[in-house]
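Notes to accompany the following structure.
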Amino acid sequence: MPKDPLMYLARRDAYAAFLTASDAEGAVIWRRLDGRYDSLDAALTATRESYAATQAAFNVLDVEGVGPVEQARELMDRLRALHRVDAAPDGAWETYTAARGAFVTAARAFLARN
Numbered sequence: 220m221p222k223d224p225l226m227y228l229a230r231r232d233a234y235a236a237f238l239t240a241s242d243a244e245g246a247v248i249w250r251r252l253d254g255r256y257d258s259l260d261a262a263l264t265a266t267r268e269s270y271a272a273t274q275a276a277f278n279v280l281d282v283e284g285v286g287p288v289e290q291a292r293e294l295m296d297r298l299r300a301l302h303r304v305d306a307a308p309d310g311a312w313e314t315y316t317a318a319r320g321a322f323v324t325a326a327r328a329f330l331a332r333n
């Protein structure tokens with residue numbers, strides 16, 4: 220049983236929202252790198268929207284300052300690096316997936332302790 224069930228649920232939801240936003244941003248990046256957008260404008264719009272959603276979800280974690288903040292920042296850094304390239308470097312998706320896994324592991328551990 221969590222120490223504070225409402226705080227537990229709020230944190231769990233914040234972690235899930237960040238993860239969902241980062242997954243959506245990763246999908247946008249993958250589609251852009253794969254040339255699946257009809258135009259540069261469509262790609263830029265999707266990129267701006269997904270970037271903003273991930274940043275907003277991260278801000279909730281960053282403001283609280285506890286839990287898997289560093290792992291979330293690392294996951295965002297991996298996504299942001301992929302925005303700066305026209306082709307994903309070898310191993311980029313594996314590195315992103317590892318950072319995503321590290322965030323999930325850290326979030327679960329933090330929730331289990333609190």
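Here this note's numbering is used: the sequence shown runs in plain steps of one and ends on residue 333. By construction, the Cβ of each residue, glycine as well, lies at the ideal position given by its N, Cα and C atoms. Keep in mind the model is a prediction, meaning the values are calculated, not measured.
Beta-carbon proximity list for residue i, same chain, < 6 Å, skipping 5 on both sides
i: Ala240; result: Ala272, Thr273 and Ala276
i: Tyr270; result: none
Buried/exposed call for residue i, threshold 16 Cβ in 10 Å
i: Ala291; result: buried
i: Met226; result: exposed
i: Val282; result: exposed
i: Arg319; result: buried
i: Arg255; result: exposed
i: Arg303; result: exposed
i: Ala265; result: buried
i: Val247; result: buried
i: Leu263; result: exposed
i: Leu259; result: exposed
Supposed contact pair residue j and residue i - C-beta distance, whole angstroms, cut 8 Å
i: Asn333; j: Pro221; result: 6 Å
i: Ala233; j: Pro287; result: Not quite, the Cβ-Cβ distance comes to about 10 Å (not below 8 Å), so this is no contact.
i: Ala311; j: Leu301; result: 6 Å
Nonlocal neighbours in the same chain, by C-beta distance under 7 Å from residue i, ignoring five residues either side
i: Ala306; result: Leu252
i: Leu330; result: Tyr227, Arg230 and Arg231
i: Gly245; result: Leu298 and Tyr315
i: Arg250; result: Tyr256
i: Ala243; result: Ser269 and Ala272
Check: residue i C-beta below 7 Å from any heavy atom of the ligand ATP
i: Met295; result: The ligand ATP is absent from the structure shown, which contains no ligand whatsoever.
Subject >> Any 3 or more C-beta pairs closer than 8 Å across the segment 279-296 and the segment 233-250 >> reply: yes
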